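Q: Residue numbers for the sequence shown, in this note's numbering: 2 to 226. Glycine residues also receive a C-beta, built at the ideal position from the N, C-alpha and C atoms. Just so we're clear, the structure is a prediction, and the values are computed from it rather than from any experiment.
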Amino acid sequence: MTSKVQVKKFNGNYFLNIQNFLPEEIIKGLITSSNKLIRKHKKNPELEVFPPEATWDIKDEVKGEYIWDTLYEKVRLGIVQYCKVADLDHRCITIHSSWVTRYNKLPKEDPLAQSKVDNFTPYKNLHSHEGNPIGVIIYLKNPDPKYGTMVKVSDKQIYMHQGVENSALVYDARLFHSAIYPPLKLVKKYPRYTVVTDTTIIKKYSPPNVNSEFDPTVESSQQVA
């Protein structure tokens, strides 16, 4: 299976959309593992703006497991490609943290979950990951691509990313962004699963020297949804 990479540029910001991110059997294994990780390492839902269940950082927990090692190797390749198009040195970037999200029901631990759903909009959930120059979102399972991610690229522009199953978005996580969640009645039949990875800078940037198996085409556009 060959990954296909599309690069878009909005207001000076690059967005990599990597299709066919992982083999199908790896995706299935990651979903099964994600359910176990959520049971073991679930964050308190009351701390979340919106009810999707999420884990704490899992990267050390899953180190050495084939399916997760495969995922993070692909993540690193995506980071290298992003650095190539954004003129950054990938040797200065390392994975900082990673977690799983699942939306298939309201968490029973949060008595305000239904109220949060009723009052939620992606605009209310806009947030940034300060100090994390590159974020990677892997859409393991999603009932419809329109339930992806919105990213604020300027005061008047929003980039709407399509969350296609078995794809990854690589972008600057310091930009304000929010997940776009499906209706509850939909995820009860077809859940939404993602793996999110953030990075950090480990030393001062030096001139890039990057090779990659990807050969993307850059699309520069000011059209936003």
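Say whether the region 21-34 touches the region 66-81, bearing in mind that this needs 3 or more beta-carbon pairs closer than 8 Å, one atom from each stretch.
A: Short answer: they touch.
Q: According to DSSP, what are the bridge partners of Gly136?
A: Partner(s): Tyr172 and Asp199.
Q: Is there contact between the region 144-155 and the region 176-185, where contact requires at least three CB pairs shorter than 8 Å?
A: The region 144-155 is in contact with the region 176-185.
Q: Could you check which residue in Ala55, Leu23 and Val197 has the C-alpha nearest to that of Asn1?
A: Nothing about residue 1 can be read from this structure; the chain reaches only from 2 to 226.
Q: Beta-carbon separation of Tyr15 and Val86 under 9 Å?
A: Contact flag set, yes.
Q: Where does Ile203 land, buried or exposed, given buried means 16+ other C-beta within 10 angstroms?
A: It counts as exposed.
Q: What residue range does the alpha helix (DSSP H) around Lys60 cover?
A: Note, Lys60: premise wrong, no alpha helix (DSSP H); not H, not E.
Q: List in chain order: all unbroken alpha helix (DSSP H) runs of 4+ residues lying wholly within the region 56-141.
A: Runs of the alpha helix (DSSP H) inside the region 56-141: 67-87 and 114-120.
Q: Is Asp58 a contact residue of the ligand GDP, with contact defined as CB to any heavy atom under 8 Å?
A: This structure does not include the ligand GDP; it has no bound ligands of any sort.
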